[in-house]
Amino acid sequence: MSYVGDLMRRGIPVQVIIAGPTGSGKQTQSKIIAERLGIVHVSSGDIIKAGAQDGPVALKMAESYASSGTLVPDTLISAVMAHRLGQDDVLQKGWLMEGYPRNLQQAKSMEVSGFMPHVFVQLEIPEDVIHRRLEHRRKDPATGDEYHLLDDPPPEEDVALCERLVRDERDSHAEIERRLVRYKETIDELRSHFAAIIEVVNADQSVEDVTRDILAAVERHRFH
Numbered sequence: 001m002s003y004v005g006d007l008m009r010r011g012i013p014v015q016v017i018i019a020g021p022t023g024s025g026k027q028t029q030s031k032i033i034a035e036r037l038g039i040v041h042v043s044s045g046d047i048i049k050a051g052a053q054d055g056p057v058a059l060k061m062a063e064s065y066a067s068s069g070t071l072v073p074d075t076l077i078s079a080v081m082a083h084r085l086g087q088d089d090v091l092q093k094g095w096l097m098e099g100y101p102r103n104l105q106q107a108k109s110m111e112v113s114g115f116m117p118h119v120f121v122q123l124e125i126p127e128d129v130i131h132r133r134l135e136h137r138r139k140d141p142a143t144g145d146e147y148h149l150l151d152d153p154p155p156e157e158d159v160a161l162c163e164r165l166v167r168d169e170r171d172s173h174a175e176i177e178r179r180l181v182r183y184k185e186t187i188d189e190l191r192s193h194f195a196a197i198i199e200v201v202n203a204d205q206s207v208e209d210v211t212r213d214i215l216a217a218v219e220r221h222r223f224h
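Position 135 of the sequence shown, counted from 1, bears residue number 135 in UniProt numbering, the numbering being contiguous throughout.
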């Protein structure tokens with residue numbers, strides 16, 4: 001029986017963290033992997049956006065930081081995540097965490113709250129590939145359709161469409177660099193903290209191949 005299957009058979013919910021730089025595809029992979037394993041996708045960004053209106057006070061405070069482009073303080077985001085991880089659906093099904101923890105303090109806070117991952121998956125991808133992926137993304141504000149100027153360009157004959165395409169300000173070269181610097185400032189301490197359970201996956205592949213490798217990484221992992 002597989003590792004994941006054995007955990008499920010024994011009633012132990014699978015718990016996974018997926019980390020990676022901007023443009024590594026971690027959001028896409030997190031959704032796919034969570035669905036494949038039947039566990040809850042827990043995204044810090046999604047939680048803040050969804051719960052800002054009617055969630056606990058901590059959520060509303062976190063949203064005010066996020067909406068202004070300011071990093072949410074460690075103690076605040078940790079309280080928000082602990083609240084979500086303690087809800088019934090997550091406790092019963094297991095979880096896949098995306099966007100948290102972002103640094104060592106958050107990782108320690110998570111563990112103090114009683115939440116320990118079985119595996120920490122780090123997605124690795126060259127920075128030039130990240131820039132290529134993100135800087136050429138465009139969106140049609142009229143329909144919400146997304147395009148990539150190199151890999152999935154809009155039809156040239158549709159002049160009106162081509163003229164109204166916009167780029168998210170977060171996909172500018174400078175903003176990508178800023179996010180990469182922030183990621184590199186803390187990833188080494190997270191790698192060290194989760195050294196016993198880390199699995200590194202090459203994210204410079206097709207979506208299907210990355211999914212395959214993440215699932216294999218989860219299956220390979222064993223506690224010692």
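A virtual CB, placed ideally from N, CA and C, is assigned to each residue, including glycine.
I'd like the span of the beta strand (DSSP E) that includes residue i, first residue to last.
i, result
"residue 122", "119-124"
"residue 187", "Note, residue 187: premise wrong, no beta strand (DSSP E); alpha helix (DSSP H) at 173-193."
"residue 87", "Careful: residue 87 lies outside any beta strand (DSSP E) and carries neither H nor E."
"residue 205", "Premise fails: residue 205 is in no beta strand (DSSP E) and is neither H nor E."
"residue 196", "Counting along the chain, residue 196 falls outside any beta strand (DSSP E), and DSSP gives it neither H nor E."
"residue 112", "Unbroken run through residue 112 is the alpha helix (DSSP H), 104-112; no beta strand (DSSP E)."
"residue 18", "14-19"
Classify residue i as buried or exposed, calling it buried when 16 or more other Cβ atoms lie within 10 Å of its own Cβ.
i, result
"residue 75", "exposed"
"residue 116", "exposed"
"residue 78", "buried"
"residue 184", "exposed"
"residue 21", "buried"
"residue 155", "exposed"
"residue 199", "buried"
Quick check: the Cα distance between residue i and residue j, rounded to an integer number of angstroms?
i, j, result
"residue 28", "residue 157", "30 Å"
"residue 182", "residue 12", "34 Å"
"residue 110", "residue 26", "20 Å"
"residue 136", "residue 126", "16 Å"
"residue 130", "residue 99", "17 Å"
"residue 88", "residue 134", "36 Å"
"residue 174", "residue 151", "22 Å"
Indicate whether residue i and residue j have their beta-carbon atoms separated by less than 8 Å.
i, j, result
"residue 190", "residue 19", "yes"
"residue 94", "residue 210", "no"
"residue 39", "residue 121", "no"
"residue 123", "residue 217", "no"
Apart from the five residues on each side of it in sequence, which residues of its chain come closer than 8 Å, Cβ to Cβ, to residue i?
i, result
"residue 84", "42, 47, 90"
"residue 207", "25, 28, 29, 32"
"residue 246", "This structure cannot speak to residue 246, because the chain is shown only from 1 to 224."
"residue 171", "134, 135, 137"
Apart from the five residues just before and just after residue i, which ones in its own chain have a Cβ nearer than 6 Å to its Cβ?
i, result
"residue 213", "201"
"residue 103", "186"
Using C-beta distances below 7 Å, list every residue in its chain close to residue i, excluding the 5 sequence neighbours before and after it, in chain order.
i, result
"residue 53", "Reliability fails at residue 53, whose pLDDT of 48 lies under 50, so the model's placement of it is uncertain and no value is given."
"residue 166", "138, 139, 141"
"residue 105", "74"
"residue 44", "77, 81, 99, 100"
Any heavy atom of the ligand GTP within a distance shorter than 7 Å of the CB on residue i?
i, result
"residue 14", "This structure lacks the ligand GTP, and indeed carries no ligand of any kind."
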